[in-house]
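Participant: If you want the working numbering, it's the position in the sequence shown, counting the first as 1, plus 48.
Think of the CB as a built atom: it goes at the ideal place given N, C-alpha and C, for glycine as much as any other residue.
Since the model is a prediction, treat every value here as computed from it, not as a measurement.
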Amino acid sequence: MFRTIKNDLPASIVVFFVALPLCLGIALASGAPLFSGLIAGIIGGIVVGSLSGSKIGVSGPAAGLAAIVLTAIGTLGGYQNFLVAVVLGGIIQLIFGVLKAGIIGYYFPSSVIKGMLTGIGIIIILKQIPHFFGYDAGPDGKDGFFQTSSENTFSSLLHITDNIILGSLIIGIVSLAILILWDKVLSKKAKIFQLIQGPLVAVIVGIIFFSLTQSHSTLSISQSHLVNVPVPEDASSFLAQFNFPNFGVITNPDVWVIAFTIALVASLETLLCVEATDKLDPHKNVTPTNRELLAQGTGNIISGLIGGLPITQVIVRSSANIQSGGVSKSSTIIHGILLLISVVLIPKLLNMIPLSVLAAILFVVGYKLAKPKLFKQMYDLGWKQSVPFTITVLGIVFIDLLWGIGLGLAVGVVVILLKSYQNSHFLHIEDKSNGKHKIKMTLAEEVTFFNKGAILKELDSLPRDTYLELNLIKTRYLDNDIIEILEDFAIKAKERNIDINLVSKRGVVENPPSFVQFFKERPKSSLGLN
Numbered sequence: 049m050f051r052t053i054k055n056d057l058p059a060s061i062v063v064f065f066v067a068l069p070l071c072l073g074i075a076l077a078s079g080a081p082l083f084s085g086l087i088a089g090i091i092g093g094i095v096v097g098s099l100s101g102s103k104i105g106v107s108g109p110a111a112g113l114a115a116i117v118l119t120a121i122g123t124l125g126g127y128q129n130f131l132v133a134v135v136l137g138g139i140i141q142l143i144f145g146v147l148k149a150g151i152i153g154y155y156f157p158s159s160v161i162k163g164m165l166t167g168i169g170i171i172i173i174l175k176q177i178p179h180f181f182g183y184d185a186g187p188d189g190k191d192g193f194f195q196t197s198s199e200n201t202f203s204s205l206l207h208i209t210d211n212i213i214l215g216s217l218i219i220g221i222v223s224l225a226i227l228i229l230w231d232k233v234l235s236k237k238a239k240i241f242q243l244i245q246g247p248l249v250a251v252i253v254g255i256i257f258f259s260l261t262q263s264h265s266t267l268s269i270s271q272s273h274l275v276n277v278p279v280p281e282d283a284s285s286f287l288a289q290f291n292f293p294n295f296g297v298i299t300n301p302d303v304w305v306i307a308f309t310i311a312l313v314a315s316l317e318t319l320l321c322v323e324a325t326d327k328l329d330p331h332k333n334v335t336p337t338n339r340e341l342l343a344q345g346t347g348n349i350i351s352g353l354i355g356g357l358p359i360t361q362v363i364v365r366s367s368a369n370i371q372s373g374g375v376s377k378s379s380t381i382i383h384g385i386l387l388l389i390s391v392v393l394i395p396k397l398l399n400m401i402p403l404s405v406l407a408a409i410l411f412v413v414g415y416k417l418a419k420p421k422l423f424k425q426m427y428d429l430g431w432k433q434s435v436p437f438t439i440t441v442l443g444i445v446f447i448d449l450l451w452g453i454g455l456g457l458a459v460g461v462v463v464i465l466l467k468s469y470q471n472s473h474f475l476h477i478e479d480k481s482n483g484k485h486k487i488k489m490t491l492a493e494e495v496t497f498f499n500k501g502a503i504l505k506e507l508d509s510l511p512r513d514t515y516l517e518l519n520l521i522k523t524r525y526l527d528n529d530i531i532e533i534l535e536d537f538a539i540k541a542k543e544r545n546i547d548i549n550l551v552s553k554r555g556v557v558e559n560p561p562s563f564v565q566f567f568k569e570r571p572k573s574s575l576g577l578n
């Protein structure tokens, strides 16, 4: 754990400053107590971080679940009733892990994963602009396009120039300059600038600025533009912030429906994040997905038992960890410990951090996720990569995370079907002799029902008096749907004077009387079909 501490400690501090406002903002957007977001962040860092097989993934409350949580609290009649669903959702995730459902994570197209990262990067920047200017239009944890008010992501930006807080804007610009200077210049000059991260310096400068300008009529920053961590007066008031589940509602069917919804959505978000973080990881570690589901399930059980929000692995904190040089799970665990220490010992100090400083930190995170050159790279790869990528980005920006991923995945599936349609066979017209067309059709290694349309179209388009060589030498799998197409075509072939020469590992058969019988009687290995 301590072998890579020189990398992990600075990274954990950055992740801490990114996670703190997000934990509070997501709790606010969920209609839950603010402290519940901090509990989820602490459990996600310490418990899930310890159990997970991911070296650089960071877990905590997720914005993608905020709408579900908000609705569920109202449906179940209170937050303590909702906590029962969180605990049950964690148990269902454990079952997913035992059943090895984590393999689903490997089936998301790369273009959709890259689109997800880019879309989240754009959302981070757009959502932090109001905080940077001192116009706080909504909580940090809200990532949907439409806000709880009548505004949306873009309309809220139109009012910024009328509501600029000069102090927030000045310290935001100073913080952004510090971060850029640290990243582009100072970190390359000496090791001390790698150990002490730019975000920590920006936060310290922000606290000093707030302290010096409190009484200034123009530059002062009001409490609404600062971090807002609950401040308990004593130990008893601190403990009073914890909520515990009311298991008396466990027989309510709505509790089980919400529990399954939480488990399903949290698991999908986690698996998507795992795939994305593995792509971002410079060391290209591969996270065991089933172990991740077990870790997330355990975290959600504990979080629900002590009053926390549902937990998933989250890309914003994970990408901040990677960008800051995190190498092992130590950075994740330490960030959770820092959250715990801060809410217990220094909540008043945290409440002196301007939100515009944290917005500057998130600007850098967002830009690194959504670099402009990535759009050109995806365009150069061709439409089959660029279209799912673009649809995912637009869906995330203009609707929300889950819709964006769903739309991108749907387009990706269409592309796969189209490619399967195009690549089901190879068709060669060899020559024309003795008044007959000689045509050779070679089927691919695996031919499934996806290929029905393409093969049926080619067979129906064959002219009369054709000599067709149907080559299955390389075919390993032939779907029954394709066999039925060949069986039907054999009848049409007689009517159109088409001769069929079937070439397989069993030999050559001229005009087989029945394709169904031929493939039914073959030994499984005779055609190379498995």
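Output yes or no for whether 8 Å exceeds the beta carbon distance between residue 133 and residue 310.
Facilitator: By 1-based counting over the sequence shown, the position of residue 133 is 85. By 1-based counting over the sequence shown, the position of residue 310 is 262. Yes, they are a contact pair.
Participant: Can you grab the Cα-Cα spacing for the pair residue 142 / residue 388, in whole Å?
Facilitator: Counting from 1 along the sequence shown, the entry for residue 142 is found at position 94. Counting from 1 along the sequence shown, the entry for residue 388 is found at position 340. Computed Cα separation, rounded: 26 Å.
Participant: What do you get for residue 154, buried or exposed, if any count of 16 or more other CB atoms within 10 angstroms of its CB means buried?
Facilitator: Stepping through the sequence shown from its first residue, residue 154 is reached at position 106. In the assembly as shown, residue 154 is an exposed residue. Its beta-carbon has fewer than 16 other beta-carbons within 10 Å.
Participant: Looking only at its own chain, which residues have a Cβ that is under 6 Å from the Cβ of residue 371, when we skip the five neighbours before and after it?
Facilitator: The residue labelled residue 371 in the question sits at position 323 within the sequence shown. 416, listed in sequence order.
Participant: In whole angstroms, what is the alpha-carbon distance linking residue 413 and residue 173?
Facilitator: Locating residue 413 in the sequence shown gives position 365, where the first residue counts as 1. Locating residue 173 in the sequence shown gives position 125, where the first residue counts as 1. Approximately 9 Å, taken between the alpha carbons.
Participant: Excluding the five sequence neighbours on either side, which residues of its own chain have a C-beta within less than 7 Å of the C-beta of residue 409, listed in chain order?
Facilitator: Position 361 of the sequence shown, counted from the start, is the residue given in the question as residue 409. Result list for residue 409: 65, 66, 227, 247, 250, in chain order.
Participant: Candidates 327, 402, 342, 235: which alpha carbon is nearest residue 367's?
Facilitator: The sequence position of residue 367 within the sequence shown is 319, counting from 1. Among 327, 402, 342, 235, the Cα nearest to that of residue 367 belongs to 327.
Participant: What residue from 92, 342, 220, 560 has the CA that sits closest to residue 411's CA?
Facilitator: Here residue 411 refers to the residue found at position 363 of the sequence shown. The shortest C-alpha separation from residue 411 is found at 220.
Participant: Going residue by residue through the segment 102–181, where are the continuous beta strand (DSSP E) segments of at least 3 residues, counting only ones entirely within it?
Facilitator: 106–109
Participant: Check each candidate in 214, 356, 276, 320 and name the one with the smallest Cα separation from residue 454.
Facilitator: Locating residue 454 in the sequence shown gives position 406, counting from the first residue. Relative to residue 454, the option among 214, 356, 276, 320 whose CA is nearest is 320.
Participant: With burial defined as no fewer than 16 other Cβ atoms inside 10 Å of the residue's Cβ, what is the status of residue 440: buried or exposed?
Facilitator: Here residue 440 refers to the residue found at position 392 when the sequence shown is read from its first residue. Buried is the call here.
Participant: Does residue 352 come out as helix, strand or coil in the three-state DSSP assignment?
Facilitator: Position 304 of the sequence shown holds residue 352. Residue 352: helix per DSSP, three-state reduction.
Participant: Can you list, in chain order, the residues of its chain with a C-beta nearer than 6 Å to that of residue 269? Leave out the 5 residues immediately preceding and following it.
Facilitator: Position 221 of the sequence shown, counting from 1, holds the residue named residue 269. Excluding residues within five positions, the ones whose Cβ falls inside 6 Å are 215, 216, 258, 402.
Participant: Can you tell me the Cα-Cα spacing of residue 306 and residue 359, whole angstroms?
Facilitator: The residue labelled residue 306 in the question sits at position 258 within the sequence shown. The residue labelled residue 359 in the question sits at position 311 within the sequence shown. Rounded to whole angstroms, residue 306 to residue 359 spans 15 Å at the Cα level.
Participant: To the nearest angstrom, how far is it from the Cα of residue 304 to the Cα of residue 89?
Facilitator: Taking the sequence shown and counting its residues from 1, the one referred to as residue 304 is at position 256. Taking the sequence shown and counting its residues from 1, the one referred to as residue 89 is at position 41. Each residue's alpha carbon lies about 24 Å from the other.
Participant: Could you tell me how far apart the beta carbons of residue 149 and residue 341 are, in whole angstroms, since I believe they sit closer than 8 Å?
Facilitator: Taking the sequence shown and counting its residues from 1, the one referred to as residue 149 is at position 101. Taking the sequence shown and counting its residues from 1, the one referred to as residue 341 is at position 293. Their Cβ separation, rounded to whole angstroms, is 7 Å, which keeps residue 149 and residue 341 in contact under 8 Å.
Participant: Going by DSSP, which residues form a beta bridge with residue 555?
Facilitator: Numbered from its first residue, the sequence shown carries residue 555 at position 507. According to DSSP, residue 555 bridges with 552.
Participant: Take residue 484 and list the residues in its own chain whose beta-carbon comes closer than 7 Å to its own, dropping the five residues that flank it on each side.
Facilitator: Position 436 of the sequence shown holds residue 484. Within the same chain, 513, 514, 515 come within 7 Å of residue 484 by CB-CB distance, once the 5 residues on both sides are set aside.
Participant: Quick one: is residue 264 buried, meaning 16 or more other Cβ sit within 10 Å of its Cβ, or exposed?
Facilitator: For the purposes of this step, residue 264 is identified with residue 216 of the sequence shown, where counting begins at 1. With fewer than 16 other Cβ atoms within 10 Å, it is exposed.
Participant: Cα separation between residue 193 and residue 493?
Facilitator: In the sequence shown, the residue the question calls residue 193 occupies position 145. In the sequence shown, the residue the question calls residue 493 occupies position 445. Using only the alpha carbons, I get a separation of about 45 Å.
Participant: Taking the alpha helix (DSSP H) that residue 7 belongs to, which residues open and close that run?
Facilitator: The question about residue 7 has no answer, for the chain in this structure spans 49 to 578.
Participant: Whole angstroms are fine: how far does the CA of residue 338 sit from the CA of residue 312?
Facilitator: Here residue 312 is taken as the residue at index 264 of the sequence shown, counted from 1. Here residue 338 is taken as the residue at index 290 of the sequence shown, counted from 1. If you take the alpha carbons of residue 312 and residue 338, they lie about 14 Å apart.
Participant: If you follow the beta strand (DSSP E) that residue 244 is in, where does it begin and where does it stop?
Facilitator: As a working note, residue 244 is residue 196 in the sequence shown. It is not in any beta strand (DSSP E) - residue 244 carries neither H nor E in the DSSP assignment.
Participant: I'd like the list of long-range same chain contacts for residue 166, defined as Cβ closer than 7 Å, with 5 residues on each side in sequence excluded.
Facilitator: Taking the first residue of the sequence shown as position 1, residue 166 is located at position 118. 417, 418, 422, 441.
Participant: If you draw a straight line from the C-alpha of residue 211 to the C-alpha of residue 178, how long is it?
Facilitator: Position 163 of the sequence shown, counting from 1, holds the residue named residue 211. Position 130 of the sequence shown, counting from 1, holds the residue named residue 178. Computed Cα separation, rounded: 9 Å.
Participant: Just grab the DSSP bridge partners of residue 282 for me.
Facilitator: For the purposes of this step, residue 282 is taken as the residue at position 234 of the sequence shown. Partner(s): none; residue 282 has no beta bridge.
Participant: Out of 137, 102, 105, state which residue places its alpha-carbon closest to the alpha-carbon of residue 352.
Facilitator: By 1-based counting over the sequence shown, the position of residue 352 is 304. Of the candidates 137, 102, 105, the one whose C-alpha sits nearest the C-alpha of residue 352 is 137.
Participant: What three-state label does DSSP hand residue 289 in the structure shown?
Facilitator: By 1-based counting over the sequence shown, the position of residue 289 is 241. In the structure shown, residue 289 falls within a coil segment according to DSSP collapsed to helix, strand and coil.
Participant: How about residue 163 and residue 430: are their beta carbons less than 8 Å apart?
Facilitator: Indexing the sequence shown from 1 puts residue 163 at position 115. Indexing the sequence shown from 1 puts residue 430 at position 382. Contact: no.
Participant: Quick check on the DSSP output: the beta strand (DSSP E) that includes residue 233 runs from which residue to which?
Facilitator: Numbered from its first residue, the sequence shown carries residue 233 at position 185. No beta strand (DSSP E) contains residue 233, which DSSP labels as neither H nor E.
Participant: Can you find the residues in the same chain that come closer than 6 Å, C-beta to C-beta, to residue 131, ignoring five residues on each side of it along the sequence?
Facilitator: Your numbering for residue 131 matches position 83 in the sequence shown. Contacts found: 293, 352.
Participant: Quick one: give me the first and last residue of the alpha helix (DSSP H) that residue 503 is part of.
Facilitator: Residue numbering aside, residue 503 sits at position 455 when the sequence shown is read from its first letter. It spans 500–508 - the alpha helix (DSSP H) in which residue 503 sits, taken as one unbroken run.
Participant: Roughly how many angstroms separate the alpha carbons of residue 432 and residue 253, rounded to a whole number?
Facilitator: Working through the sequence shown from its first residue, we reach residue 432 at position 384. Working through the sequence shown from its first residue, we reach residue 253 at position 205. Going by C-alpha positions, residue 432 is about 47 Å away from residue 253.
Participant: Rank 400, 497, 536, 558 by C-alpha distance to the C-alpha of residue 564 and give the top, closest one.
Facilitator: As a first step, residue 564 is located in the sequence shown; it is residue number 516 there, counting from the start. With distances taken between Cα atoms, residue 564 lies closest to 536.
Participant: In terms of alpha-carbon separation, which member of 524, 458, 463 lies closest to residue 490?
Facilitator: Looking up residue 490 in the sequence shown gives position 442. If we check each option's Cα against that of residue 490, 524 comes out closest.
Participant: Quick check on this structure: which residue in 344, 505, 332, 383 has the alpha carbon closest to the alpha carbon of residue 361?
Facilitator: What you label residue 361 is simply residue 313 of the sequence shown in a count that begins at 1. When each option's Cα is compared against that of residue 361, the closest is 344.
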